[in-house]
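Protein chains: 2
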Amino acid sequence: MFLSKSFGYALRGVLYVALADKEDRKAQLDEIAEKLSVPRHFLAKIMKTMVKEGVLQSTKGPYGGFSLNEKTLDTRLLQLVSITDGVEQFNACVLSLRKCNSKNPCPLHYQMLKLRDDMLAQFSKTTIGDLLNKENPDFIKSISTIV
Amino acid sequence: MFLSKSFGYALRGVLYVALADKEDRKAQLDEIAEKLSVPRHFLAKIMKTMVKEGVLQSTKGPYGGFSLNEKTLDTRLLQLVSITDGVEQFNACVLSLRKCNSKNPCPLHYQMLKLRDDMLAQFSKTTIGDLLNKENPDFIKSISTIV
DNA sequence: ATTAAAAAAGACGTTTATGTCTTTTAATAG
DNA sequence: CTATTAAAAGACATAAACGTCTTTTTTAAT
C-alpha cells in the first residue's frame, strides 16, 4: 500500500551489507538474496541502481561484492524511496486531480496533506545509520525472517 | 502511493451522485464519467461494485441511473478503501516480512505502525456525508477539475 | 596471458492494475 | 407487448510492477 516491494528489498539489502561490514567483509549478491529470501536477479537490479546512485559501493570479480561507502550510513530513507519509487507520487492527489492544491483543494486534501507530511518527516529524518544504532539484538533475524 | 486510482474514482463517483441527489435527480454513468473525466467502462465496474456492496443504489432502463440509499451518507471512507483496495495491505510490513510484529519488529515497524494508525483513524472517522457537509462552494469543481 | 569470479546489462516472462469493447439483462414509456 | 434506455456482465487490451534467464564486462589470482 505505502511503498513498492523494491523499496523493502533495497532497504533490507543495504542493511545486510552494513551488517557484513561490521564483520569487515563484503556481501555478495548470492548471499544477500539467499539470506533475505529475495529474488536474486530482481535484487541485482535494485542493488545496481543503489550503486549508481552512490548509496553503496561494489567491486566486480573474485573477492568482489557490495560494501558501504562514506555516504551509506548517512543516507536518508527518503532517498531510497526516491530511488525505488520516486517522490512525485507523495504530492499526487488521492483523487487523481491534477489541479488539487490549497487554492482548490479536493475533499480529502488537508487530511492527506497531514498524513503525507508525517510520512515525509519520518522518512526524511531517519537514516540507514539510525536503524543500525537501535542495537536490536535480533536485527539480523528481523530483516531476514520472511517465512 | 497511498491508494489506487479506483479508490479516487469511487469516491468522486459517489460524491457526484450525492450532488445530483441534492437536485433530486439520478446520475447516469455517461454523465458521471464525462463530468469527472474518468474512463466510462472502468468507472462502470467500480460503481457496480459499490452497488453490490450496498453503498449506492441503481436502477436500469429509461430514467434509471445511480442514486443514494439510506446507507450512502454514513458510509465510511474506510469502506470504500475496503471495496477498491482491500484493507489487509494496511497491516502488511513495508519490508514484506510476514512475521513482522511487536514481538519481532522490523526496523521500521513502529514508525510505520503510527502512520498506519493515523491513516486508518482518518479514514474510519470520515464519512461520505462529512465530506458533503464541508460547504465548499467549489465542491463540484474540485471533484471534476482534472485537467 | 589465462582463467575464474562476480557485478552489470539487457532480453524475456508473469502478474496485477488499469482501461476498452461488446453482449446481456432489466426497467420504463408508449 | 414492443421498443428504447441504461446498468450489469464479461471478454479483451494495455501498461506497470514484479520476476527470471542469458550474455557481457570487469576484476583478481595464478
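Chains A and B are the protein sequences, given in the same order.
Number 146 marks the last residue of the first sequence (numbering that gives the first Met the number 0); no jumps.
Number 146 marks the last residue of the second sequence (numbering that gives the first Met the number 0); no jumps.
Think of the CB as a built atom: it goes at the ideal place given N, C-alpha and C, for glycine as much as any other residue.
Measuring only the C-alpha atoms, how far is A:S95 from A:Y109?
What you label residue 95 of chain A is simply residue 96 of the first sequence in a count that begins at 1. What you label residue 109 of chain A is simply residue 110 of the first sequence in a count that begins at 1. Computed Cα separation, rounded: 15 Å.
Taking the alpha carbon of B:S36 as the reference point, which residue from B:K51, B:T48, B:Y15, B:K21 has its own alpha carbon closest?
In the second sequence, residue 36 of chain B corresponds to position 37, counting from 1. Checking every option, the nearest Cα to that of B:S36 belongs to B:Y15.
Secondary structure at B:S66, three-state DSSP: helix, strand or coil?
Counted from its first residue, the second sequence places residue 66 of chain B at position 67. Three-state result, B:S66: strand.
Short Cβ contact (8 Å threshold) for A:D32 with A:L131
Here residue 32 of chain A corresponds to residue number 33 of the first sequence, with the count starting at 1. Here residue 131 of chain A corresponds to residue number 132 of the first sequence, with the count starting at 1. In the sequence under discussion, the amino acid at residue 32 of chain A is Ala, which differs from the Asp named in the question. Between A:A32 and A:L131, the CB-CB gap reaches or exceeds 8 Å.
Chain B within 8 Å of A:S101, Cβ atoms only:
Taking the first sequence and counting its residues from 1, the one referred to as residue 101 of chain A is at position 102. No, its Cβ sits nowhere closer than 8 Å to a Cβ of chain B.
A:G63 to A:T83, Cα distance in whole Å?
Taking the first residue of the first sequence as 1, we reach residue 63 of chain A at position 64. Taking the first residue of the first sequence as 1, we reach residue 83 of chain A at position 84. If you draw a straight line from the Cα of A:G63 to the Cα of A:T83, it is about 24 Å long.
Is the CB of B:I142 under 8 Å away from at least one CB in chain A?
In the second sequence, residue 142 of chain B corresponds to position 143, counting from 1. Yes, B:I142 counts as interfacial toward chain A.
List, in order along the chain, the chain A residues whose C-beta lies closer than 8 Å to that of B:Q88?
Within the second sequence, the letter at position 89 stands for residue 88 of chain B. Per Cβ cutoff of 8 Å: M0.
Inter-residue Cα distance where the pair is B:G85 and A:L112:
On the second sequence, position 86 is the one that residue 85 of chain B refers to. On the first sequence, position 113 is the one that residue 112 of chain A refers to. Just so you know, the alpha carbons of B:G85 and A:L112 end up roughly 22 Å apart.
Excluding five sequence neighbours on each side, which residues of the same chain lie with their C-beta closer than 8 Å to the C-beta of A:L72?
By 1-based counting over the first sequence, the position of residue 72 of chain A is 73. If we look at A:L72 and ignore the five residues flanking it on each side, its Cβ neighbours are A17, T126, I127, G128, L131.
Could you tell me the alpha carbon to alpha carbon distance between A:K102 and B:Y8, rounded to whole angstroms?
Sequence index remark: in the first sequence, residue 102 of chain A carries index 103 (1-based). Sequence index remark: in the second sequence, residue 8 of chain B carries index 9 (1-based). Distance between the alpha carbons of A:K102 and B:Y8 is about 22 Å.
Please return the same chain residues whose Cβ sits closer than 8 Å to the Cβ of A:N100, not counting the five positions on each side in sequence.
The sequence position of residue 100 of chain A within the first sequence is 101, counting from 1. So the list reads H108, once near-sequence residues are dropped.
Rounded to whole angstroms, what is the Cα-Cα separation between A:T74 and B:K44?
By one-based count along the first sequence, residue 74 of chain A stands at place 75. By one-based count along the second sequence, residue 44 of chain B stands at place 45. The alpha-carbon atoms of A:T74 and B:K44 are separated by roughly 43 Å.
Between A:G12, A:F138, A:E69, which has its C-alpha nearest A:G53's C-alpha?
In the first sequence, residue 53 of chain A corresponds to position 54, counting from 1. When only C-alpha atoms are compared, the closest one is A:E69.
Give the DSSP-derived three-state secondary structure of A:S123 in the structure shown.
Stepping through the first sequence from its first residue, residue 123 of chain A is reached at position 124. A:S123 falls in the helix class under three-state DSSP.
Within the 8 Å Cβ cut-off, does B:M46 reach chain A?
Within the second sequence, the letter at position 47 stands for residue 46 of chain B. No, B:M46 lies away from the interface with chain A (no Cβ there is under 8 Å from its Cβ).
Measure the alpha-carbon distance for A:I142 versus A:C105 and round it to whole angstroms.
Residue numbering aside, residue 142 of chain A sits at position 143 when the first sequence is read from its first letter. Residue numbering aside, residue 105 of chain A sits at position 106 when the first sequence is read from its first letter. A:I142 and A:C105 have their C-alpha atoms some 39 Å from each other.
Helix or strand or just coil, what does DSSP make of B:S81?
Here residue 81 of chain B is taken as the residue at index 82 of the second sequence, counted from 1. Reduced to three states, the DSSP call for B:S81 is helix.
Out of A:K25, A:K124, A:F41, A:D137, which one is the CA nearest neighbour of A:T58?
Taking the first residue of the first sequence as position 1, residue 58 of chain A is located at position 59. Of A:K25, A:K124, A:F41, A:D137, the residue nearest in Cα terms is A:K25.
Return the chain-ordered list of same chain residues with a C-beta closer than 7 Å to the C-beta of B:S123, the five sequence neighbours on each side being excluded.
Here the question's residue 123 of chain B lines up with position 124 in the second sequence. Excluding sequence neighbours, B:S123 sits near R75, L77.
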